[in-house]
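Undergrad:
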Amino acid sequence: MRRTVEEAILPALVALLVAAVVGDVLILSFGQSPGTVYRLLVDGTWGNAYGFGQVLYKTTTLTFTGLAVAVGLRAGLFNIGAESQLAAGGFLAALAGLLLPTGLPALATLPIYLVAAAAGGAVVGGIPGVLKAKFGAHEVITTIMLNFIVLALLNYLTAAHLKVEGTLHTAEIHAGALPRLSSMIEAFRGSAANVVLFIALITAGLVAWFLFRTRRGFELRATGLQPTAAEYGGVNVGGVWWQTLALSGALAGIGGLNYVLGYKHYYEESFASGAGFLGIAVAIVGRNNPIGVVLAAFVFATMSQGGLAVNAVVPKQIVDVLQAVVIIAVAASVPEVRRLARRTA
Amino acid sequence: MIILAFLAQTLRIAIPYLFAASGGVISERSGLIGLGLEGYMLGGAFCGAVASYYSGSAWVGLVGAIAGGAALALLYAVTAIRFRADQVVVGIAVNLLVTGATRFFLRLAFHSSSNSPRVPGFGAEQSGTGLASLASNPLIWLGILAVAVMAWLLYRTPYGLRVRAAGEHPEAALSVGVPVDRVRYVAAAMSGMLAALGGAYLAFDQHQFSAEMTAGRGFIALAATIFGRWDPFRAALACLFFAAAETLQIQLQGAQVIPSQFVEMIPYALTIVALAGVVGRAVPPAALGRARE
């Protein structure tokens, strides 16, 4: 037990250390003092209600994309397509919203939006799943390729048929807007955090229950550990593959609600803006554990928002660099720590 | 004349693909997934522009690009080989790293968040279609040469044999004395240098570096690598085909025959079709993405 805790914590500590060193070097190269920059970062994120609200907003999307990638990885599948699945979910939800009569209450429309967003993501995720199950096409490549295809398709549909003239977004949706947190807690005023955050937390709980407490979840994990053995054990591995990727896509798709219905109330070209790819980082750092994913999403959201807070002093892209450093350090130290743990055992 | 202009533009668009896809072929044949090509290209474009700007010479710029690409590829290779990190994860992280780092250092070096000042490039001022201006650009020739050299290296040299062995069955290769890890490091470095040359070509062609200027070209090169079934010549044909489709799209822009987004999809859609194997399946190197046991 102690060893598993070490295995989970050590890579994160290594990553933090490496990121701190790289961050210091970058800040010093810009002629600034690391202490000042880090203080700005903390003040702009956790230090005030607005900043914290923005962190929560970003945590929401990243939780969904992180869960999407984590569920895939638990089944031994690498879903690099969360970016386009997120966009497709948001797109279909927006489409549903534009068709629904105005003035419907959020409680009546929410199930429709959830189904639409999940369906959008599930289709985009399910295609590579079927291609893998039926033809053995590797999902890493097909999901990457589908990202480009689906985003181009959505851009075409938006540009040619749906956009408001002079913008890159659709008309505003008036049916069942989801309430922002500021309607409950006044201090959050102005921040984009909204009730989709709670949907994200509930979803994380449901995913944990599914993975660790249901037969399907067990089959999923068995397939991830050793597909051949799972097959012998009576698991339909091909079925698990495409169903898992469809589920993974659905999770990412629901994340689209955060922007489309919780924040802007319209679909906009490239609103995903990297949240899908960051989902990979969230899943890796969160060690494919739903609770870990929520925590990692919070950390990465803090970094993203922190970049905006320090931008006046050092370029905000310092955060992209540090996020990449964290991913590389965790990816490199996980196998290393595991080997060390085995050796000392 | 129209055909000549079409061919010239196709070649201009294809050159960065040819460089990067040649790099993709050597990397993947050795067993290392080529997901970082986009990052190597962008890093190469940036280092090339910086070196060219401060030295005033495009040749020095090329050296800078090569050094930058090799450094990034070795970072990838060390984490993937020495530390056995997941190649997919690190490949994607390298792209994220380069996107952020180039923008960061763009502000540090040139006080701009979008582009560098004008940098020296090769040949006559580009006019867009002229074959003469094409022929005067040494990178055009290098790009074509890269494909031929890669084919020779892969199929006609002992090193090429080792690369293919490392990519198909690293343990077997190791047992007969092939230094698998070293073979892969060299392959990675080559892929980084080649992709970086493709990036430098872009920067020199536009006489500046601009943020995220590679715009997914590394992934098109990866698509060409796969669509070309990990063979240098077939990958080059795929590059030319993708470039021709883009050229057609540019030339038809006024006519609005096919929405540009559908032309953008071509390389990716074809790659999926090739992987799904509707007409002859594309089978990757057996040990692709796997660290040596």
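In order, the protein sequence lines correspond to chains S and G. The numbering used here numbers the first residue of the first sequence as 1 and each following residue consecutively. The numbering used here numbers the first residue of the second sequence as 1001 and each following residue consecutively. Just so it is clear, CB atoms sit at the ideal spot from N, CA and C, and this is done for glycine as well. Quantities reported herein were computed from a predicted structural model and do not represent experimental measurements.
1) Taking a Cβ distance cut-off of 9 Å, strictly less, list which residues of the stretch 1088-1102 of chain G are near chain S, in chain order.
2) Starting from S:Tyr267, find everything on chain G with Cβ-Cβ shorter than 7 Å and list it in chain order.
3) Just confirm the distance between the C-beta atoms of S:Gly176 and S:Ala106, as a whole number of angstroms; I'd bet it's less than 8 Å.
4) How long is the line joining the alpha carbons of G:Gly1143 and S:Ala82, rounded to whole angstroms?
5) Measure the Cβ-Cβ separation of S:Leu178 and S:Val196 and say whether it is below 8 Å.
6) Let me know the secondary structure DSSP gives S:Glu172 once reduced to three states.
7) Output needed for G:Tyr1201: all residues of its chain with C-beta closer than 6 Å, excluding positions within five of it in sequence on either side, in chain order.
8) Rank G:Ala1058, G:Ala1021 and G:Tyr1054 by C-alpha distance to the C-alpha of G:Tyr1040 and give the top, closest one.
9) Identify the contact partners of S:Phe30 in chain G, using a Cβ-Cβ distance below 7 Å as the criterion.
10) Apart from the five residues on each side of it in sequence, which residues of its chain come closer than 7 Å, Cβ to Cβ, to G:Pro1232?
11) Can you give me the C-alpha to C-alpha distance between S:Gly306 and S:Val42, rounded to a whole angstrom?
12) I'd like to know whether the C-beta of G:Arg1229 is nearer than 8 Å to at least one C-beta of chain S.
13) Using the Cα positions of G:Leu1222 and G:Ala1065, report the straight-line distance between them to the nearest angstrom.
14) Indicate the three-state DSSP secondary structure (helix, strand or coil) for S:Met1 in the structure shown.
15) Going along chain G in order, which residues have a C-beta closer than 9 Å to the C-beta of S:Phe300?
16) Using beta carbons (cut-off 8 Å, strictly below), is S:Phe91 in contact with chain G?
17) Please determine, among S:Phe210, S:Val207, S:Leu92 and S:Gly238, the residue with the shortest C-alpha to C-alpha distance to S:Thr170.
18) Smallest Cα separation from G:Ala1049: which of G:Ala1196, G:Ser1260 and G:Leu1270?
19) Please classify S:Phe212: is it buried, with 16 or more other beta-carbons within 10 angstroms of its beta-carbon, or exposed?
20) Thinking just about the alpha-carbon of each residue, which of S:Thr244, S:Ala15, S:Leu201 and S:Ile80 is nearest to the one in S:Phe64?
21) At the 8 Å Cβ level, is G:Thr1214 part of the contact set with chain S, yes or no?
22) In this structure, does DSSP put G:Ser1052 in helix, strand or coil?
23) Return helix, strand or coil for G:Gly1210, following the three-state DSSP convention.
24) Does the contact criterion of 3 or more C-beta pairs under 8 Å hold for the stretch 228-245 of chain S versus the stretch 125-133 of chain S?
25) Can a CB atom of chain S be found closer than 8 Å to the CB of G:Asp1086?
26) Span of the alpha helix (DSSP H) holding S:Ile291?
27) At 9 Å on the CB atoms, spell out the chain S contacts of G:Gly1192, in chain order.
28) Checking 8 Å against the spacing of the C-beta atoms, do G:Pro1170 and G:Val1163 come in under that value?
29) Would you list, in chain order, the members of the stretch 1244-1263 of chain G that have their beta-carbon closer than 8 Å to a beta-carbon of chain S?
30) Rank G:Ala1282, G:Phe1241 and G:Ala1276 by C-alpha distance to the C-alpha of G:Val1263 and give the top, closest one.
31) Can you list, in chain order, the stretches of the alpha helix (DSSP H) that have 4 or more residues and sit fully within the stretch 1257-1292 of chain G?
32) Could you confirm whether any beta carbon from chain S is found closer than 8 Å to the beta carbon of G:Met1265?
33) Nearest to S:Gln323 by alpha carbon, out of G:Leu1134, G:Val1060, G:Val1094 and G:Ala1045?
34) Could you tell me the distance, in whole angstroms, from the CA atom of S:Ala88 to the CA atom of S:Gly120?
35) Taking only three categories from DSSP, how would you classify G:Arg1118?
36) Can you tell me which residues form a DSSP beta bridge with S:Lys163?
TA: Taking the definition as stated:
1) Val1088, Val1089, Val1090, Ile1092, Ala1093, Val1094, Asn1095, Leu1096, Leu1097, Val1098, Thr1099, Gly1100, Ala1101 and Thr1102
2) Under the 7 Å cutoff, chain G gives no residues; its nearest Cβ is about 16 Å from S:Tyr267.
3) 4 Å
4) When rounded, the distance between both Cα atoms is 34 Å.
5) Yes, the Cβ-Cβ distance between S:Leu178 and S:Val196 is below 8 Å.
6) coil
7) Ile1015, Pro1016 and Leu1139
8) G:Ala1021
9) Going along chain G in sequence order, the residues near S:Phe30 (Cβ under 7 Å) are Leu1108.
10) Here the set comprises Ser1022, Val1025, Val1147, Met1150, Ala1151 and Leu1154.
11) 7 Å
12) Not a single CB atom of chain S sits nearer than 8 Å to the CB of G:Arg1229.
13) 20 Å
14) The predicted model places S:Met1 with a pLDDT of 49, which falls under 50 and marks its position as unreliable, so this point remains unresolved.
15) Neighbours of S:Phe300 on chain G: none; closest Cβ ~11 Å, over 9 Å.
16) no
17) S:Leu92
18) G:Ala1196
19) exposed
20) S:Leu201
21) Judged by the 8 Å Cβ criterion, G:Thr1214 is not in contact with chain S.
22) helix
23) Per the sequence shown, the amino acid found at residue 1210 of chain G is Ser instead of Gly. Strand at G:Ser1210.
24) yes
25) yes
26) Pro290 to Val310
27) Under the 9 Å cutoff, chain S gives no residues; its nearest Cβ is about 15 Å from G:Gly1192.
28) Judged by their CB atoms, G:Pro1170 and G:Val1163 are not nearer to each other than the 8 Å cut-off.
29) Pro1259, Gln1261 and Phe1262
30) G:Phe1241
31) Taking only runs of at least 4 residues, the alpha helix (DSSP H) segments lying wholly in the stretch 1257-1292 of chain G are 1260-1276.
32) yes
33) G:Val1094
34) 5 Å
35) Coil, per DSSP.
36) S:Thr170
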